[in-house]
Structures are given as C-alpha cells and as structure tokens.
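*Asks:*
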Amino acid sequence: MNTFRKLCALILSLCLLAAVLSPALAEETAGDEVTRSDFSLSLLMHADGFPNDGAAHYADWEAFLSKLSLEGVIDVQRFLTNVSRVYFDGGLCLNGKMTLPFVYDGYHSYRYVRADALRGDSIHFQMHNFFEFMLKGYYFMGLPTQLIALPLYPEASYYLGTSYYQPIAEAVAGEGDRTVSYAELYELCETLDLIVNDDWDYERAYFYFTCLLTDLGASDLALQKLGYLEDWLAFMDPEEKGLFITDDGVSQTYTLGNTQVFAHTRDASGERFTLCLPDSDGYELTAAYENTGAEIHGSLRITLEGAERLTLNVDVDGLPVDGALSAQGSATIAFGGECFYQPPTPVSFTYRYSRDAAALPYAMTLEVDWLHPQTQKPALTLAYQADMEQLPASTMVERVYDNQNDFFHLNESFMEEYKQLYLPTLALSAVPILMEMPAGVISDIMGFLYETGFLAFLGIE
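Structure (structure tokens):
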C-alpha cells in the first residue's frame, strides 16, 4: 500500500499540475496582450511500464484514465507577475463528452471556481493562504501536499525570485571593472532581510521555504540565515573591502572579500555560471548552470565541513534551437546527500514537442513521459494539444463573484456548511465517472482514502 500511496501522490500531483501547465505552455507575450489556448490535456497510464508488484490495478487504471481529459479554452495575461490573469472555461470530459464543466478565474492572488457541481455557486481561494493550507496535508496525513503546492502556485516563485534578484541586480549594475562598497552591500542586506522579516500580513517567504525545505529539516535554518544577511556579509568580508567585479563584456567575476562568489559567461557556445556561498557554520552552497541551447545542465551542492548534505542534478537535452518547430529529448532529476536516509531514485522523463508555425497563431503538441525507475519504460504520459493565438488586452474582462469567504481559512462551522451544501451535488455530478470506473480503480481509491484519513474527514467511518 505504501507504493500505491506514492503512485497516487504522483498521479494527484500531475493532475493538479494541469491547471498550471496550460498557461505555462503559452509563450510569454509583451505588454497586456492575451494568449488564448483551446486545448486538451490527458494523463495516460501504461500498465506495461510498471513492475508486476501488485501495488495497484494498473490495467484498470490504464483503461479508466484513457477515458478522461481536461478540455476548454484558457486565456492568459501577464503570466507569473503579481498582476497576472488566467481565465479557463471548460471542464473534465468523459469519453470525449463534457461531464464536469467549470470556470476558473485567477486574478492576482485571488482564485475563483464556479461549477454546476457546486450548485452554480463560486468558491473563493486566497492564494496567500495556500501554502499554509497545503502544509496541513503533510503534517496530519503524511502526504507530499507541500511539494505539490509549489508548482500549483508559480507566482510565488516568481515573486520571491524577483524580490531577491531586482535589488541585487540594481546594486551590481554597471559596465567594466567596478566595486560595490561594503556600506552599499550592508544596506542591500538590510533590504533583503525584509523579505523574510517584514511580511507579517502574508508571511510569503516563511511558508514558501517551509513547503520547499521542511521535509529535509532545513526550513528553519534557511529562514534564519536569510533573515540576518548582515552576519553573513561580516563573515565573508571582515576587512570590509566590498564586492569587486571584473567585466570584459563576455565574462564577469564577482569577488567578495577573498572569495569568488559568482562567475558568469555568455558567448557563442551558450551561457554558464557558477555560484559559491560559504558561511560561518561550515556550510557551503555551490551551484552551476550551463545552457548550450539544445541542452541544459544544472547542479546544486550543500556541504557541511566538506561532507555533502544535499545534492541536486538536473539535465535536459534535445531542446529546440534556432527556431526549430519540433524537438524530442529527455530530462533527469537526481537528488542525493546525507540528509536522505535513502537517496531517492532519479526521476527521468522523455518529451516530444511540435508546433506548425514559428509565431502565434499556431497549433502545438507536447507529450511528457515519466519513466518508471525499475522498468525504465513510460509509465505515465501527460499529453497536451492546443490551438494558440494572441488577442488584444480587452479580451480579458472583469467578472463578479458572490462568495468572498476564503476556502483556505474557513473555520469548522463553515466547512460543515460547505459539506452539506456541496457534497450531495458533487457526488451526483461524479456518478457518470464512477459508472466508468473499473472495480480495481475503486478499490485502490477507497484504500487510499481510508489510509490517509479522507474518509473520516468526510464523515464516512
């Protein structure tokens, strides 16, 4: 059953990721133009890609998932920014027929879902509370919900990335060899401290890094160090020399005190950089990145007094280059280090991508296979097809929703009210899907729900 739990968690993660993949596959557009995708997304299982371990009824799952698809039209505007808009009108299809229609409207940090299965009502989600909500599944049920949350809210990664990057980029901006004084660096550290220490309303950095690192037992340490960067600066540059930058127009090096912390090169062969950040406790974070156009290689190492505590390697090949309209390649993600009781098995994917024109409008397809680590055969395939076009900003209109109660912060009485209002209609709407479920799928789902405590939550003992 433990294996099946991991399988269900993976399937759940991939299914939920669909809400993010659709707009993510749209190209970034300038200004406020809207990118529209009329798409179909399916998750397919290949029973012969799994070992014959009896952990789940794989053949039944293969037959059942082949009947389902997510279809509809999605409009995307200013994707990933803090003023992004995403509007989806479609639903879950069964055997090619729309069965569970719904509307999804993402507006800044607000999300609304309206569906017939909810009696035509809307439910409001305030995404600032999303990570805290998803941590509950990890703490109380032992599910990887905190990791599932990260790709479902990519705006959070964008926010934190830009919050750190923009002040640093402004501080080191310039041409040729130059120096950033210690006083300027100290002021920069104070500014960056505020990302962690001065966000009492939302605690965005706290919940983000907790979701990212709590399973490794490293979230508190990371937040402590990010909240007191002046201490790190004093350790790195006790003589207060400042940051010395060399820049010949192709390569740059950044030396803080006596340590080269960053080096970057962009030339005809591609782009690459290295990063090295030691600290006073004996930890050292090193990272390397290389992009040749057709391939991307990245690595991260966290060592403690020379011993590798955490390692991460990402390798992607076969990427489209020079305006190519198709590509086929693979990707591998591998973790290691002493922080794992048993190092996780590397995760491998293969993908196939094509489009029929170099610029919008065009039709595109993307298929991503997850290779089972034991068989090295495709076990799950995420298949995406879309007709995409660019529309004027006026396409995205304002809509009014009646329910402003944040689902992630509902108290017990509100949750009970939601159950009474919506569980009957949700169950009735799910009947056509349940009728198509093979017995093995029902058995696996009920076992998963019982083991994780979802049945008790729904009042079914």
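In the working numbering, the protein residues as written are 8 to 468.
No residue lacks a Cβ here, since even glycine has one placed at the ideal position from N, Cα and C.
1. By DSSP's criteria, P385 is part of a beta bridge. Which residues make up the other side?
2. Could you tell me whether the Cβ atoms of T3 and A124 are closer together than 7 angstroms?
3. In angstroms, rounded to a whole number, what distance separates the CA positions of P151 and Y65?
4. Could you spell out where the alpha helix (DSSP H) holding D451 opens and where it closes?
5. Give me, in chain order, the residues of the same chain whose beta-carbon lies closer than 6 angstroms to that of L220; leave out the 5 immediate sequence neighbours on both sides.
6. Confirm, please, whether the CB-CB distance from H379 to F57 is below 7 angstroms.
7. Could you tell me the distance, in whole angstroms, from the CA atom of G79 to the CA atom of N102?
8. Determine contact between the region 174-183 and the region 249-264, defined as no fewer than three beta-carbon pairs at a distance below 8 angstroms.
9. Could you tell me if P453 is buried or exposed, where buried requires 16 or more neighbouring beta carbons within 10 angstroms of its beta carbon?
10. Taking Cβ to Cβ, would you say T459 is nearer than 7 angstroms to M148?
11. Grab the span of the alpha helix (DSSP H) containing P161 for me, first residue to last.
12. Nearest to G61 by CA position, among Y457, L456, G447 and L50, is which residue?
13. Counting C-beta neighbours from all protein chains within 10 Å, is the total for S188 16 or more, i.e. buried, or is it exposed?
14. When the Cα atoms are used, what is the spatial distance from D55 to A386?
15. Using the three-state DSSP reduction, which class does N136 fall into: helix, strand or coil?
16. Thinking C-alpha only, which one of R273, D394, D96 and S355 is nearest L373?
17. Output needed for V323: all residues of its chain with C-beta closer than 6 angstroms, excluding positions within five of it in sequence on either side, in chain order.
18. So does V179 have its beta carbon nearer than 6 angstroms to some heavy atom of the ligand HEM?
19. Return the bridge partner residues of S337 from the DSSP annotation.
20. What residue range is occupied by the uninterrupted beta strand (DSSP E) comprising R406?
21. If we ignore side chains and look at the alpha-carbon of each, how far apart do S129 and L159 end up?
22. What is the rounded straight-line gap between the Cα of H131 and the Cα of F414?
23. Tell me the residue span of the beta strand (DSSP E) that contains F95.
24. Tell me the DSSP bridge mates of M422?
*Replies:* Looking at the coordinates:
1. Looking up residue 385 in the sequence shown gives position 378. Answer by DSSP bridge pairing, in chain order: L378.
2. A question about residue 3 goes unanswered here, because the residues of the chain that appear run from 8 up to 468.
3. By 1-based counting over the sequence shown, the position of residue 151 is 144. By 1-based counting over the sequence shown, the position of residue 65 is 58. Between the alpha carbons of P151 and Y65 lies a distance of about 22 angstroms.
4. Along the sequence shown, read from residue 1 onward, the residue named residue 451 stands at position 444. Boundaries of the alpha helix (DSSP H) around D451: A446 to T459.
5. Here the question's residue 220 lines up with position 213 in the sequence shown. S226 and A229, listed in sequence order.
6. Start at 1 with the first residue of the sequence shown, and residue 57 comes out as number 50. Start at 1 with the first residue of the sequence shown, and residue 379 comes out as number 372. Against a cut-off of 7 angstroms, the Cβ pair of H379 and F57 comes out as a contact.
7. By one-based count along the sequence shown, residue 79 stands at place 72. By one-based count along the sequence shown, residue 102 stands at place 95. Taking the straight line from one Cα to the other gives about 15 angstroms.
8. Yes, since at least three Cβ pairs between the region 174-183 and the region 249-264 fall closer than 8 angstroms, the two stretches touch.
9. Along the sequence shown, read from residue 1 onward, the residue named residue 453 stands at position 446. A small fix is needed here, since residue 453 is Met in this sequence, not Pro. Exposed.
10. Along the sequence shown, one-based indexing puts residue 459 at 452. Along the sequence shown, one-based indexing puts residue 148 at 141. It is a contact, given that the beta carbons lie within the stated cut-off.
11. One-based indexing of the sequence shown puts residue 161 at position 154. P161 to V179 is the span of the alpha helix (DSSP H), which, as asked, contains P161.
12. One-based indexing of the sequence shown puts residue 61 at position 54. Closest option to G61, judged by alpha-carbon separation, among Y457, L456, G447 and L50: G447.
13. Within the sequence shown, residue 188 is the residue found at index 181, counting from 1. Under this definition S188 is an exposed residue.
14. On the sequence shown, position 48 is the one that residue 55 refers to. On the sequence shown, position 379 is the one that residue 386 refers to. Those two C-alpha atoms are separated by around 7 angstroms.
15. Here residue 136 refers to the residue found at position 129 when the sequence shown is read from its first residue. Residue state, collapsed to three classes: helix.
16. For the purposes of this step, residue 373 is taken as the residue at position 366 of the sequence shown. Answer by Cα proximity: D394.
17. Here residue 323 refers to the residue found at position 316 of the sequence shown. Excluding positions up to five away in sequence, the list reads I303 and A338.
18. Only the bare structure without any ligand can be found here, which leaves the ligand HEM out of the picture.
19. Walking along the sequence shown from the start, residue 337 turns up at place 330. Secondary-structure assignment with DSSP links S337 through a beta bridge to D324 and T357.
20. As a working note, residue 406 is residue 399 in the sequence shown. Unbroken run through R406: none, as it is neither H nor E.
21. Mapped onto the sequence shown, residue 129 falls at position 122. Mapped onto the sequence shown, residue 159 falls at position 152. Across the structure, S129 and L159 are spaced so that their CA atoms are roughly 20 angstroms apart.
22. Taking the first residue of the sequence shown as 1, we reach residue 131 at position 124. Taking the first residue of the sequence shown as 1, we reach residue 414 at position 407. Going from the Cα of H131 to the Cα of F414 covers about 6 angstroms.
23. For the purposes of this step, residue 95 is taken as residue 88 along the sequence shown, with counting starting at 1. For F95, the enclosing beta strand (DSSP E) has its first and last residue at R92 to L101.
24. Working through the sequence shown from its first residue, we reach residue 422 at position 415. According to DSSP, which records beta bridges pairwise, M422 is partnered with nothing at all.
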